[in-house]
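2 protein chains.
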Amino acid sequence: MKMLVVDDDRDLRELIGFTLTQAGYLVMKAADGLAALRTFESESPDLVVLDINMPGASGFQVCEAIRKRSRVPVIMLTVRGEEEDLVRALELGADDYLTKPFSPRTLLARIKALLRRAGMENPTPLAAGRVALDIDEHTVRIGNSDPVRLTKLELRLLQMLLANAGHTVSSDRLLIQVWGHRNSADRQLLKQLVHRLRQKIEADPATPQLLQTAAGAGYKLIVD
Amino acid sequence: MKMLVVDDDRDLRELIGFTLTQAGYLVMKAADGLAALRTFESESPDLVVLDINMPGASGFQVCEAIRKRSRVPVIMLTVRGEEEDLVRALELGADDYLTKPFSPRTLLARIKALLRRAGMENPTPLAAGRVALDIDEHTVRIGNSDPVRLTKLELRLLQMLLANAGHTVSSDRLLIQVWGHRNSADRQLLKQLVHRLRQKIEADPATPQLLQTAAGAGYKLIVD
DNA sequence: CCCGTCTATAACCGTTTTGTAACCGGCACG
DNA sequence: CGTGCCGGTTACAAAACGGTTATAGACGGG
Numbered sequence: 001m002k003m004l005v006v007d008d009d010r011d012l013r014e015l016i017g018f019t020l021t022q023a024g025y026l027v028m029k030a031a032d033g034l035a036a037l038r039t040f041e042s043e044s045p046d047l048v049v050l051d052i053n054m055p056g057a058s059g060f061q062v063c064e065a066i067r068k069r070s071r072v073p074v075i076m077l078t079v080r081g082e083e084e085d086l087v088r089a090l091e092l093g094a095d096d097y098l099t100k101p102f103s104p105r106t107l108l109a110r111i112k113a114l115l116r117r118a119g120m121e122n123p124t125p126l127a128a129g130r131v132a133l134d135i136d137e138h139t140v141r142i143g144n145s146d147p148v149r150l151t152k153l154e155l156r157l158l159q160m161l162l163a164n165a166g167h168t169v170s171s172d173r174l175l176i177q178v179w180g181h182r183n184s185a186d187r188q189l190l191k192q193l194v195h196r197l198r199q200k201i202e203a204d205p206a207t208p209q210l211l212q213t214a215a216g217a218g219y220k221l222i223v224d
Numbered sequence: 001m002k003m004l005v006v007d008d009d010r011d012l013r014e015l016i017g018f019t020l021t022q023a024g025y026l027v028m029k030a031a032d033g034l035a036a037l038r039t040f041e042s043e044s045p046d047l048v049v050l051d052i053n054m055p056g057a058s059g060f061q062v063c064e065a066i067r068k069r070s071r072v073p074v075i076m077l078t079v080r081g082e083e084e085d086l087v088r089a090l091e092l093g094a095d096d097y098l099t100k101p102f103s104p105r106t107l108l109a110r111i112k113a114l115l116r117r118a119g120m121e122n123p124t125p126l127a128a129g130r131v132a133l134d135i136d137e138h139t140v141r142i143g144n145s146d147p148v149r150l151t152k153l154e155l156r157l158l159q160m161l162l163a164n165a166g167h168t169v170s171s172d173r174l175l176i177q178v179w180g181h182r183n184s185a186d187r188q189l190l191k192q193l194v195h196r197l198r199q200k201i202e203a204d205p206a207t208p209q210l211l212q213t214a215a216g217a218g219y220k221l222i223v224d
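Here it is as structure tokens:
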């Protein structure tokens with residue numbers, strides 16, 4: 001699922017990009033309206049996250065231009081209290097909006113709701129190698145075995161690892177993504193969660209084949 | 001899609017009516033609160049546009065009365081600067097508001113956003129597997145058994161599950177769809193409603209075959 | 001106005017999930 | 001060697017969850 005993130009604020013753009021990448025989406029970024037439209041043309045993303053307040057071509061103009069040629073879901077970012085912006089955004093065909101500041105989790109929730117409404121939800125469950133995740137059902141299948149039920153946190157952890165399958169994900173990132181903001185000294189939670197997840201998905205939890213430790217760095221999911 | 005427009009200002013009422021008719025909606029009108037409630041009763045519109053400043057029963061009273069019997073989306077019209085009205089309208093359960101003057105396009109944008117939020121953009125299928133829902137009669141048939149009468153909330157819940165038959169629907173989504181926006185801490189209501197619905201549609205409510213729990217995720221309707 | 005139905009709210013229980021602490025063993029380092 | 005850090009494991013407490021029952025208020029039809 002390709003997504004286009006348009007925001008002139010570099011930090012926010014990167015944050016959103018990071019969030020979506022972690023969630024398993026393919027992300028493209030644009031810093032201004034012109035670049036946004038160019039990228040939109042060449043990449044045809046499946047969803048657009050669009051800031052309103054931008055120098056040059058404003059979010060409105062970009063939204064209008066996009067709507068002239070596509071019904072792709074558009075989420076607009078507004079600052080709190082600018083009711084008029086909001087109305088205008090909806091008028092121009094935006095599908096949803098988010099007032100800054102917002103949490104990454106909120107953004108994800110909205111995006112998912114939007115994709116669902118647009119009938120574009122992941123047709124194939126998130127999968128890599130022998131690991132197939134069913135987000136709706138809260139289950140994983142390893143190879144052809146029976147689906148295993150996961151808890152909310154286990155699901156989130158596995159989702160993160162799956163989104164970066166084959167690559168190490170640092171403990172800090174995992175902590176932030178799974179629990180939201182949290183003291184990075186709180187490694188015990190992650191230790192525990194990894195342990196519990198291994199009990200569920202590893203043939204022999206004592207010698208992990210899938211969820212391996214990258215000492216001093218984090219964890220990674222092995223896919224062949 | 002039936003809509004009720006309530007405003008004592010004849011011109012504005014006609015303008016709104018015209019706008020909505022042009023947009024393809026079926027429009028009913030009322031010039032005062034009393035007529036509004038009468039029409040609401042007899043016609044059960046799918047959305048209400050309601051002016052606050054009216055002689056006789058004010059928009060507030062009408063809104064309150066409507067909310068006592070329905071979760072139908074309500075948009076209230078206020079004059080600019082009357083913040084108190086606005087707050088009170090939202091407290092009374094209005095779903096959105098518009099400050100006069102506004103453009104027809106703004107009104108349409110808001111209405112569409114509201115319908116989308118209420119998940120009313122398209123009709124839902126009435127049957128899947130052994131479950132057949134009769135929306136008008138407020139009844140279900142399971143297989144060839146006698147129809148069972150459902151309450152308003154039970155109907156809405158089942159409708160939602162039926163629309164996603166075979167897939168888990170999250171508790172949050174059910175809460176929003178059945179009750180409108182509601183504190184997600186209010187799981188008790190859902191618990192209750194599921195329980196009562198199971199009593200009605202399950203052969204053995206203690207071991208549900210149709211309405212199953214997806215622990216930590218939500219509920220789903222099993223269709224073979 | 002009364003009565004039956006429907007809905008909201010609370011309480012209780014057993015189970016699952018999550019958070020916290022303690023302990024173990026390997027390993028690097030002085 | 002001893003010490004400290006890291007990750008894994010075990011154990012247990014706290015919180016959340018889901019099912020159930022009970023009760024009171026709201027609603028709607030006579």
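Chains as they are written, first to last, in this note's numbering: chain D, 1 to 224; chain Y, 1 to 224. Every residue, glycine too, gets a C-beta built ideally from N, C-alpha and C.
Query - V49/D and A30/D closer than 8 angstroms at C-beta - result: Mapped onto the first sequence, residue 49/D falls at position 49. Mapped onto the first sequence, residue 30/D falls at position 30. It is not a contact, given that the beta carbons lie outside the stated cut-off.
**Report entry** Per-residue DSSP class, three states only, for R130/Y
**Finding:** For the purposes of this step, residue 130/Y is taken as residue 130 along the second sequence, with counting starting at 1. It is coil, neither helix nor strand.
Query raised in the report: Can a CB atom of chain Y be found closer than 8 angstroms to the CB of L90/D?
Result: For the purposes of this step, residue 90/D is identified with residue 90 of the first sequence, where counting begins at 1. It does; some Cβ of chain Y falls within 8 angstroms.
Requested in this report: Sort S170/D, D146/D, D46/D and G180/D by Cα distance to L153/D and report the nearest one.
Outcome: Your numbering for residue 153/D matches position 153 in the first sequence. When only C-alpha atoms are compared, the closest one is G180/D.
Query raised in the report: Under 8 angstroms between the Cβ atoms of L161/Y and L211/Y?
Result: Against the second sequence, residue 161/Y aligns to sequence position 161. Against the second sequence, residue 211/Y aligns to sequence position 211. Yes, they are a contact pair.
Query raised in the report: In angstroms, rounded to a whole number, what distance separates the CA positions of A128/Y and R173/D?
Result: On the second sequence, residue 128/Y is found 128 positions in, with the first residue counted as 1. On the first sequence, residue 173/D is found 173 positions in, with the first residue counted as 1. Straight-line Cα distance between these residues: approximately 43 angstroms.
Query - Cβ contact check for the region 199-209 of chain Y and the region 133-150 of chain Y: 3 or more pairs under 8 angstroms - result: yes
Requested in this report: Just confirm the distance between the C-beta atoms of T99/D and T78/D, as a whole number of angstroms; I'd bet it's less than 8 angstroms.
Outcome: As a first step, residue 99/D must be located in the first sequence, where it is residue number 99. As a first step, residue 78/D must be located in the first sequence, where it is residue number 78. So it is a contact: roughly 5 angstroms between Cβ atoms.
Query raised in the report: Based on Cα-Cα distance, which residue from V131/D, E43/D, A89/D and N183/D lies nearest to Q159/D?
Result: For this step, residue 159/D is matched to residue 159 along the first sequence. Nearest option by C-alpha distance: V131/D.
Report task. With Q188/Y as the anchor, note down where its beta strand (DSSP E) starts and where it stops. Result -> To locate residue 188/Y, count along the second sequence from 1; it is residue 188. Element bounds for Q188/Y: not the beta strand (DSSP E) but the alpha helix (DSSP H), R187 to I201.
Report task. Helix, strand or coil for G216/Y, going by three-state DSSP, please let me know. Result -> On the second sequence, residue 216/Y is found 216 positions in, with the first residue counted as 1. In this structure, G216/Y counts as coil in the three-state DSSP scheme.
Requested in this report: Could you spell out where the alpha helix (DSSP H) holding M160/D opens and where it closes?
Outcome: As a working note, residue 160/D is residue 160 in the first sequence. Run containing M160/D: K152 to A163, per the alpha helix (DSSP H) assignment.
Query raised in the report: Quick one, which of V169/Y, I111/Y, R10/Y and S70/Y has its alpha-carbon nearest L157/Y's?
Result: The sequence position of residue 157/Y within the second sequence is 157, counting from 1. It is V169/Y.
Query raised in the report: In chain order, what residues of the same chain have a beta carbon less than 6 angstroms from the beta carbon of A65/D, not counting five sequence neighbours either side?
Result: Along the first sequence, read from residue 1 onward, the residue named residue 65/D stands at position 65. Only residues of its own chain outside the window of five on either side were considered, and among them L37 have a CB closer than 6 angstroms to the CB of A65/D, listed in chain order.
Query raised in the report: Roughly how many angstroms lie between the CA atoms of S42/Y and L4/Y, to the nearest whole one?
Result: Counting from one through the second sequence, the residue named residue 42/Y turns up at place 42. Counting from one through the second sequence, the residue named residue 4/Y turns up at place 4. Answer to the nearest angstrom: the Cα atoms are 11 angstroms apart.
Query raised in the report: Which of the residues in the region 46-70 of chain Y, read from start to end, lie with their CB under 9 angstroms from any CB of chain D?
Result: none
Requested in this report: Whole angstroms is fine: what's the gap from T124/D's alpha carbon to L133/D's?
Outcome: Within the first sequence, the letter at position 124 stands for residue 124/D. Within the first sequence, the letter at position 133 stands for residue 133/D. Note that T124/D scores 45 on pLDDT, short of 50, meaning its location in the model is unreliable and no value can be drawn from it.
Query raised in the report: Does the beta carbon of D85/D come closer than 8 angstroms to any beta carbon on chain Y?
Result: Taking the first sequence and counting its residues from 1, the one referred to as residue 85/D is at position 85. No, no contact with chain Y.
Query raised in the report: Since G17/D and G33/D are thought to touch, with beta carbons under 8 angstroms apart, how far apart are those beta carbons, to the nearest angstrom?
Result: Your numbering for residue 17/D matches position 17 in the first sequence. Your numbering for residue 33/D matches position 33 in the first sequence. At roughly 18 angstroms, the Cβ-Cβ gap does not stay under 8 angstroms, so G17/D and G33/D are not in contact.
Query raised in the report: When the Cα of A214/Y is compared with those of H167/Y, V62/Y and R116/Y, which residue comes out closest?
Result: On the second sequence, residue 214/Y is found 214 positions in, with the first residue counted as 1. Considering only alpha carbons, the answer is H167/Y.
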